[in-house]
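Notes follow the structure.
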Amino acid sequence: MQSPAEEKSSTLKAVSQRVPLWRDVVVIKWVTQLGLLAVVVTSLWFLAGQAGDNLQARNINTGFDFLERPPDIQLSEGIDTSPATGGRALWVGMVNTLRMAVVGIVFATFLGVIVGLARLSNNWLIKRLAGLWIETLRNVPLLVQMIFYFAVLTALPRVSLESGPIHGWFHVSNKGISMPRVFISDGFYQWITVVAVGCIAAYFLKKQREKKHDLTGENTHAASWAFLTVCTFAIIGIFVHPIFSFVGEIFAALATLFENIPATLIKILISSILIFFAARWIRNFFASRRSATGHLSLIDDDIFRMVFVGTGALIAIIVVISWTGISSWILHSGRDLFQMLEAKFEVDGAARPFDAMKPDIVKPGKFANYGKNGLTMGPGFAAVFFGVVFYTSAFVAEIIRGGILAVPKGQIEAGNAVGLSRSQSLRHIVLPQAIRIILPPMGNQYLNLTKNTSLAIAVGYSDIVQVGQTVYNQTGKSLPVMAIWMLFYLTCSLTISVIVNYYNVRMKIVER
Amino acid sequence: MTDNETKSSVRGDRDLANAQDIIVCEGVSKWFGDFQALNNVSATIKEQEVVVVLGPSGSGKSTWIRCINRLEQHQEGRIMVDGVELSNDLRNIEKVRSEVGMVFQMFNLFPHLTVRDNISLAPIWVRKKPRAEAEEQASSLLERVGIPEQADKFPGQLSGGQQQRVAIARALAMEPKIMLFDEPTSALDPEMIKEVLDVMKELALSGMTMMVVTHEMGFAKEVADKIMFMEGGQIVETGTPEHFFTNPTEERTKLFLSQIL
Amino acid sequence: MNSANSTSQDQFSSDSLTDVSKNELPPKVAALSPTEWLKANLFSNTFNSILTVISTAAILLIIRGLLSFIFNPLRQWSATATNMRLLMTQAYPEHQYARIWVSLGFLLFLTGISLAFWRAGRSVQLSQVGKRLLALGAFILLATLLAPFSNKATIIWLIIGIFIVGIGFLLKPSHEDKTVSSLTLLSGAFLLAILSLWVIPYGHHSYLSTRTPKILAEPGTVAMTTKLPWTIMFVVAMCSYFLGSFIREKIDETRSKAVLSATWLISPLFLLFLVLRDPDFDTGHLLSTDIPIFLFFSIVGSVLLLWLTRPDIGEKGRVISAAILFVGFATFLFQMLMIVRILTLVLAFFALAAPTFSGQKPARIRYTKVWIASMVILCWLITAINTPSTAKVPGDFFIGGFAITLMIFFFTMVLAFPLGVLLALARTSKFPIFRIISTTFIEFIRGVPLITILIFFSVMVPLFLPDGMDLTEIAAVTIAFIIFEAAYLAENVRGGLQSVTRGQHEAAEAVGMTNAQKTFFIVLPQALRVAIPPMVGQIIATFKETGLLAIIGIFDFLYIARSVIPGQTQYMGSTRENLLFVSLVYLVICFAMSKASQRVEKRVGLGER
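Here is the structure:
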């Protein structure tokens, strides 16, 4: 017997001979689609051509060479306030955006959970306060809030050598907020190696204790033992970490290795990995579409997907093979990475893993300013930070509240019935279920927060948008800068949604 | 009037022997993935005939009648409805759909429209009738199915039986030549089944061509002109109710009847 | 499903875990004595007692801090008050201000009639009002004691507080049957505010008073110039409400509601481009070009559509409409007036939709009427926009401030909605290419921040336009907003579309509807209903996002408050005052919108399917 797919197509053929074209549903379907595609492509083509003409007429070139050239830019904040090249400046902007996003997400979640729980509290005053917080902050536009915080911060008293409120420890002034800073010091990498060894030890210890528990039934406190082991290693590590300075030599050897691998090897390696993955994906895809009897049926989408993956892999391979720069870049960065790690281990034995410093105030000329010792938030950073954290916390609080309220009442009753206390049933019954409801909208809020950091441009915090704008104002390269913006934000959005989806899927699997 | 008398009087009105074929299926097959839902189904239904399709669940009954107004596409074979072949021809599909009424198991009334609008929507926009005429027709149809007072309610305010009767009225409003019933009573409470079956009986008496997928054996015995028994995507046995219920030829039919009767 | 969820939440919240909705509990429940209430709600256990004490202290400190900020003699509140005109309309000429009042009056007239027709407002128990007033009065008394007032001010505020508390006490014990409409309360509040304009000279006690200490109001200050117009506005709103209640019984309500909705949609365009902008029409051009084009399209289009809506036209109509569509796109390849291209495309879409709405004679004539009406609006709008304005202003746009915020918000919502629905339909369609295009577009827009899109449009659009075509920055930015919001609305609508069951599609197909009819009559009405709550959320978000106009240098509300007023020599450093005012305006509007949407949601009984 023939396969139905073939059978189907033969029927279609027979019919399309009889049916006039303009009445055939299949023809109409594809003509409409191709028509729309043609319109979209033509308009894009037309617009691009127009832009090209206009750019030429105005003598603007759209190359990316400005990334290599030195810009004339002074940034307000970041890992490098006077970057050497345009590319470096944009990189600093990206780091600043990411820094703000990460810090914002952490604090907004923390604050939002507190406010959300307060909203559910049975204390009348607390509940009302939380409600007021939520309704006020989420109904005032974030941008207005940010500018307001900025205006408040810059209207604070000038910084002077005696600035307070706690002199020498905590300073608040029109230059921002400065506080003591704890940072990782030279010995950190050796210390973390000790801790890593401790973790391995703890893992085996935990396994062994668990085994004992399974065999004898006595409570062996496996988790506590593992935790204590790690702690012990961490404490001992502070004193004995220099013994791990030999790790540096391993890295040195690896760096030499990377220096000597020929680029062709890398090309072959990457290509075969790509081929392997693409082939495996397509094979699995076929397998998932094939039924037990070996009957295969593909819909339009499936073919699109396979063509997409196949073409993608092919293009990637061609790029890797034809563009030697990529393979040698991989080799170089590998070498650089290991050389950097090697350098991290080449420290003298007395270095401490951690260090801390009090904030300082310097007065180089007429005006005082914060020195480099403390952890300083400039007014721009602080305005964006408070803005996104407060604003997002209001939304997070509503999500938390909604999630907890969405857990059926019967669950708590069941918890009470087996004798759990209020807090116990909250922790063991309500929360695990609420998390499932909470997670997807939380992911959305994280995405929003990341995108909202772009409003920093209004208060002069050097994020990617602000830096980008400065760069294109100086170089006239608006198109490439905007392309970089969009790519950067798309990557961020994609990463966050991938992470959230991963947890979503994992939660679901665990639940079932 | 006993059941037999009803039937014979009906038969007296209709001349089934000389009636024209209205639905013709030739070797219809359909697959869902690798599962063959219909396997070479061939059957002919005459005008004014009432055909009841029986069979265990998953036997392809619903798929078959859904193929007849192309809610599902058959992949092999031919289906002709009232002389029009179902193919990719847009005109044919539109024509067949407006001549074949369908009643669903889950009613599928439009929840955002009143009962009256549910019934008159398609006549206005598909049959292109003036609104006043369509609404008048809706009222008379509601009277026919016995719920004239519910015209301005929304479907959500009606009981299941009433909803199904509205669904029948909605299908009738298109003045179809054929009515398809896909398990019309399966989602109903027992006390509501009768009111729907009564409407269907009345419809059968009025000479409508009907194809009914159901588990109501009483209805099949009483009203059907022909019973088709399906299993595994095939028509196993076809015959009159007398023949089917008293003297089935196929083993599988006997087994099925022994399980349900 | 949604509603099931939310109702279960409601029941739930009033029960054991929380007592969120305690206030809404019927008053029949034996009232707790004050001490009992305190014990139950504030001091139920040690932890709660500690929390209560700490938060009370914090509240007192915050109130005191806020009050000493607001009433600090250094604050320049007069900066906001004196510049009210700038904040609202930027440089709109003073002698043409009557136009603004006329527009506002018309909108209030519509509001009054609509409130009457939709029977808005609910009844509030007087005892509830009393309770609220008591709380308000108590708060004022507390705040007065904490605030750094002069003796005189303290006494005035104390008297006001005691007065409010007194009213509250009078109302509180009233019977629960005694209710009052919330609309009455609202208009009472407005009346009080307007009366205060006649008594309190807002916006004058500034630098003016130093010159001539006894001046109460100088031309250009708020109270003097607005007390009469506002009073008229109030009278107009009240009268139109009573007019609405009077005539709603006399005429067909569904029809008049439809007319009202259409007026709401169209009137802003007329107010903006005819009343406010006051275009200086060129009669010669009108007679030689605009009117002939309009007549040509309405007559030829009407004849064509009358023919295309015949019920027996069949697929011939489709072929012809497709041909017109092709011609419409082809017009872009040749030199001709933009208006001709646009109208040809619109005609093609009407022709494509014709079979869906075809029928007997009345239906065909109705469809043709819709065509002529949209021609009138489109032709007139395009002509008006392209005609220079008589309002002579320094910038390149005739109005700014809050007015432009509202304008862009309106255009965004009106145009983003249909685009969003189209995108959502494409994303859920059975056609893979439609899905790919729509999904790519939506995900791209949703993946980048609004500000980058705004900058892109305001900086880059001139580069993409052919020679001779011009787009003002305002128009470019509005397009950016529309595209951005459409992508988000599309996702909301998609949620609604996915909630329409398969059975509904099948039932529509079984009665012979075409795909377009199925979508228009069956699927969309249900999907949009489900999508209302998230869409309202998106509308509120859009309103908040209008503030971003300030970043790209458009003279909107926020930009004037932040950059223009603090630049005036006498109001240096008044940023915080202005921003607090801006925040208050946004807060009130957004809060009101979200509360209103919650009420509407409950009233429509969403999701009762």
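Residue numbers (this note's numbering), protein chains in the order written: chain A, 905 to 1416; chain B, 3 to 263; chain C, 22 to 630.
Cβ atoms here follow ideal geometry from the backbone N, Cα and C, with glycine treated the same way.
Rounded straight-line distance, which links the Cα of residue j to that of residue i
i	j	result
C:Val539	A:Ile1009	Here residue 539 of chain C is Lys; the residue named in the question, Val, does not match the sequence. In a straight line, the C-alpha of C:Lys539 is about 44 Å away from that of A:Ile1009.
B:Asp91	A:Trp926	9 Å
C:Gly468	A:Phe1285	23 Å
A:Val943	C:Phe347	10 Å
B:Leu257	B:Leu56	13 Å
A:Glu1122	A:Ala1106	20 Å
A:Leu959	C:Leu475	20 Å
C:Ser395	C:Leu307	18 Å
A:Ala1034	C:Ala617	21 Å
A:Val1322	A:Phe1299	34 Å
A:Leu1359	A:Thr1001	10 Å
A:Gly1269	A:Arg1062	15 Å
C:Arg362	C:Gly349	6 Å
A:Phe1137	A:Glu1066	42 Å
C:Gly628	C:Leu545	Here C:Gly628 scores only 38 on pLDDT, less than 50, and its place in the model should not be relied on; the value that follows carries that caveat. If you take the alpha carbons of C:Gly628 and C:Leu545, they lie about 14 Å apart.
C:Thr310	C:Leu286	28 Å
Backbone secondary structure at residue i - three-state DSSP
i	result
B:Ile24	strand
A:Ser1231	helix
C:Phe302	coil
C:Phe355	coil
C:Tyr118	helix
A:Leu1279	strand
C:Pro47	Summary for C:Pro47: the model assigns pLDDT 47, below 50, so the residue's position carries little reliability; its value from the coordinates is reported in the next sentence. C:Pro47 falls in the coil class under three-state DSSP.
B:Thr240	strand
C:Gln146	strand
C:Trp139	coil
A:Phe968	coil
B:Ala45	strand
C:Val621	helix
B:Lys97	helix
B:Met212	strand
Any non-hydrogen atom of the ligand COA within 6 Å of residue i CB
i	result
A:Leu1029	As for the ligand COA, it is missing from this structure, which has no ligand bound.
Residue from the options whose Cα sits closest to the Cα of residue i
i	options	result
A:Ile1207	C:Leu308, C:Pro453 and C:Pro383	C:Pro453
A:Gln1112	A:Phe1242, A:Ile932, A:Ala1126 and A:Leu1033	A:Ala1126
C:Trp98	C:Glu598, C:Thr499, C:Val609 and C:Gln619	C:Glu598
A:Val1007	A:Phe1294, A:Asp984 and A:Leu1178	A:Phe1294
C:Ala507	C:Ala447, C:Leu218 and C:Ala529	C:Ala447
C:Leu293	C:Leu325, C:Gln356, C:Phe418 and C:Leu264	C:Phe418
C:Trp219	C:Leu249, C:Arg385 and C:Leu264	C:Leu249
C:Pro383	B:Ala134, B:His76, B:Gln159 and B:Asp154	B:Ala134
Cross-strand partners of residue i (DSSP beta bridge)
i	result
A:His1071	In the DSSP output, where bridge partners are listed per residue, A:His1071 has none listed.
A:Asn1273	A:Val1266
A:Val1086	A:Ala1260
B:Gln38	B:Trp33
A:Glu1114	A:Glu1114 pairs with nothing; no bridge assigned.
Integer-rounded CB distance, given that residue j should sit under 8 Å from residue i
i	j	result
B:Val26	B:Asp227	Incorrect: roughly 17 Å between the Cβ atoms, too far for contact.
B:Leu182	B:Ile67	5 Å
C:Val201	C:Gly158	Between C:Gly158 and C:Val201 the Cβ distance is about 18 Å, and since that is not below 8 Å, they are no contact.
C:Gly524	B:Met108	5 Å
C:Glu527	B:Phe34	16 Å between Cβ atoms; not a contact.
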